[in-house]
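Numbering (our numbering), first residue to last: 1077 to 1263. Glycine is no exception: its CB is placed at the ideal position from the N, C-alpha and C atoms. The structure appears below as structure tokens.
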Amino acid sequence: LSEEFLAIAALPDVRQRLAEQELELTDLRSEVADLHQEKVRLENDRSDLAGTNAAIAAAKAYAEKRLNEALEAADTVYYIAGAKRDLIERGILREVGGARRFGIGRRTGQTLVPAASLQPADFIPISKSKTTEITLPRPDRAYVVASSQCCRYVGPIGADSTLRVRFTISNPADFWSQSRFLILVER
């Protein structure tokens, strides 16, 4: 009888512990639900970040491509060498100034200058930083510079300021600073 009495006497304590454990179980279930929601939110954030990373990578690749194109365009210069008549007919050179004696005959004293609008497609493209030597098309001819480049940056140059066979550009940055178009005219 005493064991039964003790069991009955302990019943309120057991009920109290059971109620506390049920409360604790409810709290744990709530915490599990919160953790599940946090897991779903983190997975969504991870997915969003993956999309953002992909967008950033694509933007970076596009920016690098555009930068390389801009650098290549900035490094590209153009040259052409040819006969005076041919260069004038192609619209690369024009003659300015000069006068006719007594208003008749051929004009004398005209100066060759580059055309106002030069088209890269009419020239040979080269790399300003990599190409420092240019071979002229006709080794039996002398050429003069008709564009605005300074001849002190090329060599060898003849006493009459002509170039023959091939020439070297000693300072590409300064040589090409006046114009991206080099026009060489046969003499």
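**Study point:** Nearest-angstrom Cα separation, counted from Ser1193 out to Tyr1219
**Key:** The residue given as residue 1219 occupies position 143 in the sequence shown. The residue given as residue 1193 occupies position 117 in the sequence shown. In a straight line, the C-alpha of Tyr1219 is about 22 Å away from that of Ser1193.
Point to revise | Three-pair Cβ contact test at 8 Å for the segment 1240-1249 versus the segment 1198-1213 | key: yes
**Study point:** Alpha-carbon spacing of Ile1200 relative to Pro1232, whole angstroms
**Key:** The sequence position of residue 1200 within the sequence shown is 124, counting from 1. The sequence position of residue 1232 within the sequence shown is 156, counting from 1. C-alpha separation (whole angstroms): 21 Å.
Point to revise | Arg1170 in three-state terms, based on DSSP | key: Along the sequence shown, one-based indexing puts residue 1170 at 94. DSSP places Arg1170 in strand when its eight states are reduced to three.
**Study point:** Nearest neighbour of Gly1167, chosen from Leu1147, Val1153, Val1189 and Ala1150 [CA to CA]
**Key:** Translated into the one-based positions of the sequence shown, residue 1167 becomes position 91. Of the candidates Leu1147, Val1153, Val1189 and Ala1150, the one whose C-alpha sits nearest the C-alpha of Gly1167 is Val1189.
Review point. Which whole-angstrom value describes the C-beta separation of Arg1256 and Val1153, a residue pair presumed to lie in contact below a C-beta threshold of 8 Å?
Key: Position 180 of the sequence shown, counted from the start, is the residue given in the question as residue 1256. Position 77 of the sequence shown, counted from the start, is the residue given in the question as residue 1153. That belief holds up - the Cβ atoms of Arg1256 and Val1153 are roughly 5 Å apart, short of 8 Å.
Point to revise | Strand pairing of Thr1187, partner residues [DSSP] | key: On the sequence shown, residue 1187 is found 111 positions in, with the first residue counted as 1. Answer is Val1172.
Review point. Which full runs of the alpha helix (DSSP H) of 4+ residues lie inside the segment 1212-1254, going along the chain?
Key: 1248-1251
Review point. Do you know whose CA, among Ser1253, Asp1198 and Ala1133, lies nearest Lys1204's CA?
Key: As a first step, residue 1204 must be located in the sequence shown, where it is residue number 128. Answer by Cα proximity: Ser1253.
Point to revise | Residues bridged to Thr1152 [DSSP beta-bridge criterion] | key: Along the sequence shown, read from residue 1 onward, the residue named residue 1152 stands at position 76. Beta-bridge pairing links Thr1152 to Ser1203.
Review point. Which residues in the same chain have their Cβ closer than 7 Å to the Cβ of Arg1170, if we skip the five residues on either side of it in sequence?
Key: Locating residue 1170 in the sequence shown gives position 94, where the first residue counts as 1. For Arg1170, where only same-chain residues beyond five positions count, the Cβ hits under 7 Å are Ile1164, Val1189 and Ala1191.
Review point. Looking only at DSSP bridge pairs, what is Ile1210 linked to?
Key: Numbered from its first residue, the sequence shown carries residue 1210 at position 134. DSSP, once it has assigned bridges, lists Phe1243 as partnering Ile1210.
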